[in-house]
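To start, the structure under review is shown below, and the notes come after it.
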Amino acid sequence: MKIMKQIIFLALFMTNILAYSATIIVGVGKFAPPFSAGDTSNHYFGFCIDLMNELCKRMNDTCEYKSIMDEGIEGSLTKELVDISLTPTPITPDVSPEYIFSMPYMTSNGQFVTNNPNIKSLKDLQGKKIGVLEESNLKSTLILYTSIENIKEFAQANNLIEALEDKDIDAILFNVNILKYLTNNQIINFRPVGKPINLGNGYGLLALKKNAALINKINKALLQMENDGTYEGIYNKYFGK
Numbered sequence: 089m090k091i092m093k094q095i096i097f098l099a100l101f102m103t104n105i106l107a108y109s110a111t112i113i114v115g116v117g118k119f120a121p122p123f124s125a126g127d128t129s130n131h132y133f134g135f136c137i138d139l140m141n142e143l144c145k146r147m148n149d150t151c152e153y154k155s156i157m158d159e160g161i162e163g164s165l166t167k168e169l170v171d172i173s174l175t176p177t178p179i180t181p182d183v184s185p186e187y188i189f190s191m192p193y194m195t196s197n198g199q200f201v202t203n204n205p206n207i208k209s210l211k212d213l214q215g216k217k218i219g220v221l222e223e224s225n226l227k228s229t230l231i232l233y234t235s236i237e238n239i240k241e242f243a244q245a246n247n248l249i250e251a252l253e254d255k256d257i258d259a260i261l262f263n264v265n266i267l268k269y270l271t272n273n274q275i276i277n278f279r280p281v282g283k284p285i286n287l288g289n290g291y292g293l294l295a296l297k298k299n300a301a302l303i304n305k306i307n308k309a310l311l312q313m314e315n316d317g318t319y320e321g322i323y324n325k326y327f328g329k
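Quick note on our numbering: the sequence shown kicks off at 89 and runs consecutively.
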């Protein structure tokens, strides 16, 4: 009888562990500083990584990070290679209904830059080749400024920058925070075109709709972090006050 009680206790104990702790496979961009970056040992770091680590800590879950460069955001989610995408994705109404966003964790603004002396305003972008990172999911925004065939997507920021330097493209649309990072670290010295533009209703984490329970947990943890000042501390670490 005593042995039976011990077995029942152990079973209940393990059930509680499984109920309150889980491993979340998080899809990330391998080179998208300051949001995320990975070294040769697949160790990831950056603003989004710090943010997700804190979220998982508060949810009592374990985070495992996985690059989504090969399959992309939607491919990685649809094939269930990851549970959630951490890559900064603008919250827009044209995203497929099979996906669900978290509440926004950052405003989503973009800035066009160029080294072409003939491009002085947003109007001058018409008919020009505009480069953008593949994982930014911004084709629907860029067609407001140029034709679909003139939108050139690049897997990594360094290839995107080289394309503009080599005049393979005429301009780049960067997230303003990535642009700030690249400029402050003297990685680029391109000229802004016009004022920053709105890219959506903020950046959110993206998951399949069937993972709505996970998104709800994330939203609660995000609100806690905002209310107790933790989010502000992480933000200021990367972007300043």
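Every residue gets a Cβ at the ideal spot worked out from N, C-alpha and C, and that includes glycine.
What you are looking at is a predicted structure, and each value in this text was computed from that prediction instead of being measured.
Among the options, the one whose alpha carbon lies nearest that of residue i
| i | options | result |
| --- | --- | --- |
| Y187 | N299, E314, M313 | N299 |
| E168 | D212, L252, V114 | V114 |
| N289 | I112, G134, D182 | D182 |
| L287 | N246, D254, L232 | L232 |
| E297 | T166, M140, K118 | Note that residue 297 corresponds to Lys in the displayed sequence, not to Glu. Ranking the options by Cα distance to K297, first place goes to T166. |
Sheet register partners of residue i (DSSP bridge)
| i | result |
| --- | --- |
| Q199 | F262 |
| S173 | G115, L294 |
| T150 | T111 |
| G341 | Past the edges of the chain, shown from 89 to 329, lies residue 341, and the structure says nothing about it. |
| K208 | Paired residues: none, contrary to the question. |
| F327 | In the DSSP output, where bridge partners are listed per residue, F327 has none listed. |
| A120 | S124 |
The alpha helix (DSSP H) enclosing residue i, as first and last residue numbers
| i | result |
| --- | --- |
| G282 | Looking at the DSSP string, G282 is not in any alpha helix (DSSP H); the run it does join, the beta strand (DSSP E), is 279-286. |
| I249 | 245-253 |
Integer-rounded CB distance, given that residue j should sit under 8 Å from residue i
| i | j | result |
| --- | --- | --- |
| Y291 | P122 | Not really, about 13 Å apart at Cβ, beyond 8 Å. |
| L248 | I239 | 12 Å between Cβ atoms; not a contact. |
| P192 | C136 | Going by Cβ atoms, the distance from P192 to C136 rounds to 13 Å, so no, they are not a contact pair. |
| D40 | I112 | The requested residue 40 does not occur in the structure, where the chain is confined to residues 89 to 329. |
| D223 | G117 | Residue identity differs from the one stated: residue 223 is Glu in this sequence, not Asp. At roughly 5 Å, the Cβ-Cβ gap stays under 8 Å, so E223 and G117 are in contact. |
| G219 | T234 | About 11 Å separates the two Cβ atoms, so there is no contact after all. |
Endpoints, the beta strand (DSSP E) within which residue i is located
| i | result |
| --- | --- |
| G317 | Premise fails: G317 is in no beta strand (DSSP E) and is neither H nor E. |
| E330 | In this structure the chain extends from 89 to 329, so residue 330 is not present and cannot be described. |
| G219 | 218-221 |
| I188 | 187-189 |
Practice task
Kindly confirm or deny that the segment 278-286 and the segment 191-203 touch, where touching means at least three C-beta pairs closer than 8 Å.
Solution key: yes
Exercise for the section: Give a yes or no on contact between the segment 150-164 and the segment 116-133, applying the rule of three or more CB pairs nearer than 8 Å. Expected result: yes
Exercise for the section: Indicate whether the contact test is met: 3 or more Cβ pairs, each with one atom in the segment 158-168 and one in the segment 258-275, closer than 8 Å. Expected result: no
Problem - Segment contact flag, the segment 293-310 with the segment 133-148, C-beta cutoff 8 Å, min 3 pairs - result: In short, these stretches touch, since the Cβ pair count reaches three.
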